[in-house]
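Each residue of the sequence shown is one higher than the one before, counting from 960 in this note's numbering.
Just so it is clear, CB atoms sit at the ideal spot from N, CA and C, and this is done for glycine as well.
Scroll down for the structure; my scribbles are underneath it.
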Amino acid sequence: RTWAAPTSGTTTYPLTFNENVTGLGAADFSNTGTATGCVFAPASSTATGGSPVNIVVTGCSTGTLVPRITANSVTDSAGNSGPAADVTGSSLGVDGVPGGPVATWGAVSSPYTAATTLTYSLTFNEPVIGLTAGDITVSGTATGCTVGLTGTTPGTSFTVTASTCSEGTVVLALTPGSVTDEALNAGPGTHTAANTVIRTITGLSTPYYSALSRDGSTVWVSNTNANTVMAYSTSTGSATASITVGTSPRGIALSPDGSMLAVANFSSNSVSIIRTSTSTVIGTVAGVGTSPMGVAWAPNGRLVWVSNVASNTVSSIDTTTMGLEATSISTGAYPNSIVVSPDGSRAYTS
C-alpha cells in the first residue's frame, strides 16, 4: 500500500499493494491537502500485488493534492481488510488557474489631501500566499509615505494603505514575482496604482465654488466673504491672481473656450465677467435678479444663463454687449444650480 509520485503532466497517482486486493472504489479516496472538489477514479476495482493501479484525480481547485486511501477499504484473497490505517501519498501542487497570479489595483479612497490615509484595494485572480507590506513600493514626488497591508493569505482580496504622505504624487507598485499561487507559480508582472495627493490651499475667506481651466493649470475660486475671485496654480498651489468682483460671489463658470469666467454676485444682484488671460473684470451686468447663485455658459460662448435664488427666476446675459438678453423667466422656488444643453436649446435649473 504505497503511493508513487504523480505521473508528470497528469494528476495520476500509481498505488501499489503488497498482495492482490479487491473492492477498490472512488469512495475509498479523499484529499487531505488544500485543494477542493477533487474526484478520484481508480483504473480498476482490483489490484495485483506488486503492480501499481492508477488513481486518476480530476476537478481539483487550486491548492495542494495529498491523496489518502481509507483504512480497511479493500480485502485480500483471504478476506482480510486493509490497509490497517489510512495511507497518504506525496503532495502535489494543483494550479486551477493557469499561469502566475494577476493583480488588479482598485480606485483609491478620497479625499486625496496630504497627511490623509489613502486606501487602495488590491485583488488577485486566484488565492495567493506570501504577500507582505514590504512587497509594495512607493514612488512619485510625495515623501514620508508609510505602507500598510491587511488581508489573509491564502486570499484574493487585500487592502493597502499609504499614510503620512506629503503633498505630491503617490505611485504604489507591487514587486514582480513577490507572491505565488497555491501551485507555487510566481507573479505578478509589474502592476502600479497612481494617485495625486491634492494640495490643500488655505487663507481663503469662505470659498464657495471653483472652476478648473481647460489645461488644468489654474483653479478659480469664488472667495465669498472677501468679494474676490482667486486664481491658483495647480502645480504649486500658489495664488496667481486676486480679482475684486461684486458682493458675495458664489457660482462661477468658464466659457467653452476658457477665455472668460462668469461670476454670480449673490448680494449685489449682478454678474461679473472676467478675462482669464489678464485676470481682469471686463464687464459687470446688474439687475439680473435677486440673489444670483448659479451661472452656465451656452455652447456658443456668448450667452450666460443665471439662476436667481430669491426671485425664483432665470435670466440670460449677452457677453458681447454686457447686457441682459432675457430677464425674469419664472421657475420653481429657489433655483440654485443651472446647466445648458450641449446644443444650447435648453437651460435646466434645480
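ask   = Is residue 1013 helix, strand or coil by DSSP?
value = Start at 1 with the first residue of the sequence shown, and residue 1013 comes out as number 54. Residue state, collapsed to three classes: strand.
ask   = Any idea which residues DSSP pairs residue 1079 with across the strands?
value = Here residue 1079 corresponds to residue number 120 of the sequence shown, with the count starting at 1. Partner(s): 1119.
key: Helix, strand or coil at residue 1184 according to DSSP, with G and I counted as helix   = Residue mapping note: residue 1184 aligns to position 225 of the sequence shown, counting from 1. If DSSP states are grouped into helix, strand and coil, residue 1184 belongs with the helices.
ask   = Should the region 1162–1172 be called in touch with the region 1116–1130, which here means at least 3 C-beta pairs below 8 angstroms?
value = no
request  = Going by DSSP, name the residue or residues bridged to residue 1213.
outcome  = Within the sequence shown, numbered from 1, the residue matching residue 1213 stands at position 254. Residue pairing by DSSP places residue 1213 opposite 1220 in a beta bridge.
query = How long is the line joining the alpha carbons of residue 1202 and residue 1240, rounded to whole angstroms?
reply = Here residue 1202 refers to the residue found at position 243 when the sequence shown is read from its first residue. Here residue 1240 refers to the residue found at position 281 when the sequence shown is read from its first residue. Cα to Cα, the separation comes out at about 8 angstroms.
request  = Compute the distance between the beta-carbons of residue 1210 and residue 1247, then report whether it is under 8 angstroms.
outcome  = One-based indexing of the sequence shown puts residue 1210 at position 251. One-based indexing of the sequence shown puts residue 1247 at position 288. No, these two residues do not count as a Cβ contact at 8 angstroms.
Three-way DSSP call (helix, strand, coil) for residue 1092 in this model = Looking up residue 1092 in the sequence shown gives position 133. When secondary structure is reduced to three states using DSSP, residue 1092 falls in the helix class.
inquiry  = Going by C-alpha to C-alpha distance, which of 1259, 974, 1061 and 1256 sits closest to residue 1139?
reply    = For the purposes of this step, residue 1139 is taken as residue 180 along the sequence shown, with counting starting at 1. Minimum Cα distance to residue 1139 is reached at 1061.
inquiry  = As a quick exercise: from 1205, 1259, 1194 and 1185, pick the residue whose alpha carbon is nearest that of residue 1213.
reply    = Position 254 of the sequence shown holds residue 1213. That would be 1259, whose Cα lies nearest to the Cα of residue 1213.
message = For the beta strand (DSSP E) containing residue 1052, name the first residue and the last one.
response = Against the sequence shown, residue 1052 aligns to sequence position 93. Counting along the chain, the beta strand (DSSP E) containing residue 1052 begins and ends at 1051–1053.
query = Opposite residue 1028 in the DSSP bridges: which residues?
reply = The sequence position of residue 1028 within the sequence shown is 69, counting from 1. Bridge partners of residue 1028: 988 and 1046.
query = Quick one: Cα of residue 1048 to Cα of residue 1026, how far?
reply = Stepping through the sequence shown from its first residue, residue 1048 is reached at position 89. Stepping through the sequence shown from its first residue, residue 1026 is reached at position 67. When rounded, the distance between both Cα atoms is 5 angstroms.
C-alpha gap between residue 1115 and residue 989, whole angstroms = Residue mapping note: residue 1115 aligns to position 156 of the sequence shown, counting from 1. Residue mapping note: residue 989 aligns to position 30 of the sequence shown, counting from 1. Taking C-alpha positions only, residue 1115 is separated from residue 989 by approximately 26 angstroms.
task = In the DSSP assignment, find the unbroken beta strand (DSSP E) run with residue 1288 in it and report its ends.
result = Along the sequence shown, one-based indexing puts residue 1288 at 329. Start and end: 1282–1289.
key: Between the CA atoms of residue 1079 and residue 1009 - distance to the nearest angstrom   = Position 50 of the sequence shown holds residue 1009. Position 120 of the sequence shown holds residue 1079. The straight-line gap from Cα to Cα measures roughly 58 angstroms.
key: Which of helix, strand or coil DSSP assigns to residue 1251   = Within the sequence shown, the letter at position 292 stands for residue 1251. Strand.
Beta strand (DSSP E) segment containing residue 1267, residue limits = Mapped onto the sequence shown, residue 1267 falls at position 308. That run of the beta strand (DSSP E) goes 1262–1267.
ask   = The beta strand (DSSP E) spanning residue 1129 covers which residue range?
value = Indexing the sequence shown from 1 puts residue 1129 at position 170. Residue 1129 -> beta strand (DSSP E) spans 1127–1133.
task = Measure the C-alpha to C-alpha separation of residue 1180 and residue 1136 and round it to an integer number of angstroms.
result = Position 221 of the sequence shown holds residue 1180. Position 177 of the sequence shown holds residue 1136. Per the coordinates, the alpha-carbon of residue 1180 lies some 47 angstroms from the alpha-carbon of residue 1136.
key: For residue 1066, three-class secondary structure by DSSP   = Residue numbering aside, residue 1066 sits at position 107 when the sequence shown is read from its first letter. DSSP places residue 1066 in coil when its eight states are reduced to three.
query = What three-state label does DSSP hand residue 1097 in the structure shown?
reply = Working through the sequence shown from its first residue, we reach residue 1097 at position 138. If DSSP states are grouped into helix, strand and coil, residue 1097 belongs with the strands.
inquiry  = Taking the straight line between their C-alpha atoms, what separation do you get for residue 1103 and residue 1206?
reply    = Against the sequence shown, residue 1103 aligns to sequence position 144. Against the sequence shown, residue 1206 aligns to sequence position 247. Approximately 42 angstroms, taken between the alpha carbons.
task = Could you pull out every residue in the same chain whose Cβ sits closer than 6 angstroms to the Cβ of residue 1105, ignoring the five residues on either side in sequence?
result = As a first step, residue 1105 is located in the sequence shown; it is residue number 146 there, counting from the start. If we look at residue 1105 and ignore the five residues flanking it on each side, its Cβ neighbours are 1122 and 1123.
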